[in-house]
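Under this note's numbering, read the sequence shown as residues 8 to 522, first letter to last.
Using N, Cα and C, we set each Cβ at its ideal position, and we do this for glycine too.
Below is one structure, written out as structure tokens, with a few remarks after it.
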Amino acid sequence: MRSFSKFASASALALSLTFGTALTAQAETDIVFGSLSADTQSHITVFVDMDGELTGAAAQANDDTEGRLEDALRDAEFKGKFGKKLRLYGLAPFASITVVGTGDEALSARKLHDLGGYVAQASDNKKNLSVMVDGLNTDVDAAAAQIAMGYALSSYTFTKYKQDAKDIDRTVAFHSDDSGDAQELYENDLEYVKDGIYFTRDMGTEPGKTIYPETFTQAVRDLFEDVPGVEIKVLGVPEMRRLNMGALMGVGQGSIHDPRLVVVTYNGGASGEDPVALVGKGITFDTGGISLKPNNGQWLMKADISGAAAVAGTVYAAAQRGAKVNIVGVMAMAENMPAEDAIRPGDVLTTMSGKTIEVMSTDAEGRLVLSDAVTYVQEEYDPRLLIDIATLTGSAARALAADYAAVVTRDWDLSDEMMRIGTVTGEEVWPLPLNKNHYKSIKSDIADIKSTAGNPGVSIGAAVIGTFVDEDRPWVHLDIAGVDWVNSPTPTTPKGHAGWGVRFMDGVLRDLDTE
């Protein structure tokens, strides 16, 4: 329940192979480092801070133009505010010079990502480009790689269904003194995170007719086909029935497409070390079931797959870069449809744990599929940390808008740590409460608990899931219903599906990797 392109990538290929429909046309950008050549130097981007002083690559560009760049900036009263963009023409020997402001503060990795996004927004995506990175105010190693990451994230497009999409190949060169280190960081780490985000965006953008539990499962198989150290297990209805997953099966029984539980394990940590569990809600389309949603905005319910897609993208990125952490990603997949055998409000479902849930609204289906998924991962893998991620409630969007995802934990220290990681990664979270009154609210007269109980919706949804999480287990609940889809672009996210959660969960895994 919730309210109401791209570069050539592994995920694009996976979709093409899976569904037998080739991408119509795709702008393919070749990102290179330290390659200032005749092919790329006609159009350049330089950076200027709030002081307006031309240093590093900007100073060199000014010299090349015999001081005309500095004159043009002065005439335009360009102040170097962070993200401010200005494109200049006629400054020989360059065809164009794009200037991007860097502000007056040291640039963190997150700010470098945003800076790269601003470069993408300011550039002509039909032209080869050189981005001159030297001279920035930053302590971040291989800053060019971080800027390239932001550039790539901002440049995502989805053109699979556009007949008139143009096939344009171009090169974007990031020129810096440490280009070798930047290339190594980008190609062996950051590019995999970008690919994981692209996969998540692809899955959340594809129509429900194309993506349903079976095709999502195949897309995950294709994504991980050549990834070392990964095993994939898929539970169908017979396996779920043996495990008594009545909640997951109940949500999916109204659809012609059977539900799935997709489990991806990656063992990069010490042998026998308990894994980190990432559990995602994967409702491939949410009509609301018998509690049918209104038509207004219902098209967006194809994105109710966001949590599961982000889990797949995160595990992919971690496995490809060789993270030193054991991870299990669990994706609870179902399509919520109002067919003749769909569950009804008032029905009682028996979960894998044995606890029963009275269904108060069939549009509160995410917590149902997650109840079985979190039970499964605890019994099978005993994780040291359990994170569930879901487009769960409209109240998350109403409370926090598009600024934050809601985070619910059982202790403040863990919430505080999640807020820190959100700030670092650029996917920010804000804590909402969970207490005994929320658990008391979901007591049922005829079952162990009921699936909904009024406001506050985020906390009530978390209480339902928390009923199935061991009390002494570190647990983080992420409600991303307000952040998974953006109607206005941000520096690193174009309008549409945000791929939210990959960077955040990747940040959690990186923290654990350094312990």
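Cβ separation of residue i and residue j, assumed to be a contact under 8 Å, to the nearest whole Å
i: Glu342; j: Ile290; result: 7 Å
i: Gly506; j: Arg208; result: 4 Å
i: Val234; j: Ala324; result: Not confirmed; about 10 Å, so no contact.
i: Asp58; j: Gly87; result: 7 Å
i: Phe85; j: Val55; result: 7 Å
i: Ser186; j: Gly41; result: 3 Å
i: Asp486; j: Ala412; result: 6 Å
i: Tyr158; j: Val179; result: 7 Å
i: Met256; j: Val237; result: The pair is not a contact, with the Cβ atoms about 27 Å apart (cut-off 8 Å).
i: Ala339; j: Leu377; result: 6 Å
i: Thr52; j: Val138; result: 5 Å
i: Leu516; j: Ala316; result: Contact flag wrong, Cβ pair sits at about 17 Å.
i: Thr430; j: Leu160; result: Rounded, the Cβ-Cβ distance is 17 Å, inconsistent with contact.
i: Val140; j: Ala64; result: 7 Å
i: Val322; j: Leu299; result: Not really, about 34 Å apart at Cβ, beyond 8 Å.
i: Asp293; j: Glu372; result: 7 Å
i: Glu60; j: Asn69; result: Incorrect: roughly 10 Å between the Cβ atoms, too far for contact.
Beta-bridge partners of residue i, as assigned by DSSP
i: Trp482; result: Leu393
i: His264; result: Paired residues: none, contrary to the question.
i: Lys92; result: Val107
i: Ala412; result: Val436
i: Asp295; result: Per the sequence presented here, residue 295 reads as Gly, with Asp not at that position. The partner list for Gly295 (beta bridge, DSSP) is empty, contrary to what the question assumes.
i: Tyr273; result: Val237 and Ile334
i: Gly503; result: Val493
i: Thr363; result: Thr357
i: His445; result: Its beta-bridge partners do not exist; DSSP assigns none.
i: Arg177; result: Thr36
i: Ser49; result: Answer by DSSP bridge pairing: none, since Ser49 is not bridged.
i: Ala339; result: Leu268 and Lys288
CB contact flag (residue i, residue j, <8 Å)
i: Val283; j: Pro440; result: no
i: Ile453; j: Val355; result: yes
i: Thr62; j: Gly123; result: no
i: Arg328; j: Asn462; result: no
i: Ala310; j: Trp482; result: no
i: Gly468; j: Thr400; result: yes
i: Thr432; j: Arg510; result: yes
i: Ala409; j: Val465; result: no
i: Val126; j: Ile154; result: yes
i: Arg177; j: Lys133; result: yes
i: Gly261; j: Ile350; result: yes
i: Ala129; j: Thr105; result: yes
i: Leu98; j: Arg81; result: no
i: Lys92; j: Val107; result: yes
i: Ser524; j: Ala102; result: Outside the shown range of the chain (8 to 522) lies residue 524, about which nothing can therefore be said.
i: Asp131; j: Pro100; result: no
Residues of its chain near residue i, where Cβ-Cβ distance is below 8 Å and the 5 sequence neighbours each way are ignored
i: Met426; result: Val414, Glu435, Val436, Trp437 and Pro438
i: Tyr446; result: Ala470, Gly473 and Thr474
i: Thr31; result: Bear in mind that the predicted position of Thr31 carries a pLDDT of just 32, short of 50, making it too unreliable to give a figure here.
i: Leu114; result: Leu122, Leu143, Asn144, Thr145, Val147 and Ala150
Contacting residues, own chain, Cβ-Cβ under 6 Å from residue i (five flanking each side not counted)
i: Leu519; result: Val332
i: Leu250; result: Met359
i: Lys457; result: Glu365, Met367, Ile449 and Ser451
i: Gly295; result: Asp370
i: Glu192; result: Per the sequence shown, the amino acid found at residue 192 is Leu instead of Glu. Once the five neighbours on either side are set aside, the close Cβ partners of Leu192 are Ala149 and Ala152.
i: Thr521; result: none
i: Pro496; result: Lys502
Proximal residues to residue i (C-beta, below 7 Å), its chain only, five neighbours per side dropped
i: Asp265; result: Pro220, Gly243, Val244 and Gly259
i: Arg374; result: Leu399, Ser458, Gly468, Val471 and Ile472
i: Ala189; result: Phe40, Ala149, Ala151, Ala152, Phe181 and Ser183
i: Ala254; result: Leu356, Thr358, Ile364, Leu375, Val376, Ser378 and Asp379
Do three or more CB pairs link the stretch 207-223 to the stretch 494-512 at distances below 8 Å?
yes
Determine, using beta-carbon pairs with one atom in the stretch 262-278 and one in the stretch 326-339, whether at least three such pairs fall under 8 Å.
yes
Validate contact between the stretch 473-481 and the stretch 381-396 using beta carbons, cut 8 Å, 3 pairs
yes
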